[in-house]
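Asker:
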Amino acid sequence: MLAQVSPWYAHAAQRLATAPAHALVPPARMEWSTHPGLGPGAEILSRDLRGKRLLELGCGPGHNVAHLARHHQARVTGIDLVGLQVRRARSHYGHIEGATFTAGHALHYLQATGQTFDAIYSVFGAVGLVAPELLFAAISRHLVPCGVLAFSVPHPARAGRHPSTDDRPREDYVTMPDRTRLPIARWEYDAHRWATHLSRTGLQITSAIELRHPRLDPWPTTLLITARKR
Numbered sequence: 003m004l005a006q007v008s009p010w011y012a013h014a015a016q017r018l019a020t021a022p023a024h025a026l027v028p029p030a031r032m033e034w035s036t037h038p039g040l041g042p043g044a045e046i047l048s049r050d051l052r053g054k055r056l057l058e059l060g061c062g063p064g065h066n067v068a069h070l071a072r073h074h075q076a077r078v079t080g081i082d083l084v085g086l087q088v089r090r091a092r093s094h095y096g097h098i099e100g101a102t103f104t105a106g107h108a109l110h111y112l113q114a115t116g117q118t119f120d121a122i123y124s125v126f127g128a129v130g131l132v133a134p135e136l137l138f139a140a141i142s143r144h145l146v147p148c149g150v151l152a153f154s155v156p157h158p159a160r161a162g163r164h165p166s167t168d169d170r171p172r173e174d175y176v177t178m179p180d181r182t183r184l185p186i187a188r189w190e191y192d193a194h195r196w197a198t199h200l201s202r203t204g205l206q207i208t209s210a211i212e213l214r215h216p217r218l219d220p221w222p223t224t225l226l227i228t229a230r231k232r
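With my numbering applied, the sequence shown covers 3 to 232.
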């Protein structure tokens, strides 16, 4: 029920209505930003991902899961809150060996699973949309020693905004395919505040990259954080 009243359910429903899902070839590159080809790719998770166990929190239509499974021979699970998105991802990439898609809340999945992972990542997914102190603690418990967490979030300074000055979420919106906007709550921190929250759960920040398109974006649009379990 939670998924069906969320903006993400409405977003997926509109996508399926305008473009029915069908099998796709996995993309040749992993993307962390809304601009293809901007910034690093899968190498920030590991130089060699063959056989590694990876988890994506908020996989959407499954493009990155498919890329990692096909081009890096990783074993990748994509979790998404919205069953429609999981159905879409399976239609696109259910034929890819090593790619698995599951519907559920990211935090609930982590609290229930007994698996550990070599890397956990989120691309405009659960990180920033779930209380960081709860999500990072759950992530840390399910990373192997020295495992990697990587996540991209909307940059807190995009469009002239300012980072949050406290730990509370603030109002944002998600743009639907039909260009309407629906409200959401999002935690929007700068790199220092993210590092503080990560360190409380045994995760040490290793890099913070600001991404923006050199011709289209006057401000940074994406903040890409990587951390390692101590």
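Built from N, CA and C at the ideal position, the CB exists for glycine as well.
1. Touching or not, the stretch 122 to 136 and the stretch 91 to 100, by the rule of three or more beta carbon pairs under 8 Å?
2. With three or more C-beta pairs closer than 8 Å as the rule, is the stretch 71 to 85 touching the stretch 136 to 151?
3. By the three-class DSSP mapping on this structure, what secondary structure does A2 have?
4. Report yes or no: do the stretch 194 to 206 and the stretch 5 to 21 share at least 3 C-beta pairs separated by less than 8 Å?
5. Out of Q113, E190 and C148, state which residue places its alpha-carbon closest to the alpha-carbon of T224.
6. In whole angstroms, give me the CA-to-CA distance for L213 and G116.
7. Sort out for me which residues DSSP pairs R188 with in a bridge.
8. Note the first and the last residue of the continuous alpha helix (DSSP H) segment covering L18.
9. Using a Cβ-Cβ distance cut-off of 8 Å, determine whether H13 contacts chain C.
10. With DSSP run on the structure shown, which of helix, strand or coil describes L4?
Answerer: According to the data block:
1. Output reads no: the stretch 91 to 100 does not touch the stretch 122 to 136.
2. Contact annotation: the stretch 136 to 151 does not touch the stretch 71 to 85, with fewer than three C-beta pairs closer than 8 Å.
3. The shown model of the chain, from 3 to 232, leaves out residue 2, and the question about it has no answer.
4. With a cut-off of 8 Å, the stretch 5 to 21 and the stretch 194 to 206 do not count as touching, because too few Cβ pairs lie within range.
5. Considering only alpha carbons, the answer is E190.
6. Each residue's Cα considered, the two are about 35 Å apart.
7. According to DSSP, which records beta bridges pairwise, R188 is partnered with R172.
8. Run containing L18: P9 to T20, per the alpha helix (DSSP H) assignment.
9. Note that chain C does not occur in the displayed structure, where there is just one protein chain.
10. Because the pLDDT of L4 is 44, which lies under 50, any placement of that residue in the model is unreliable, and the question is left without a value.
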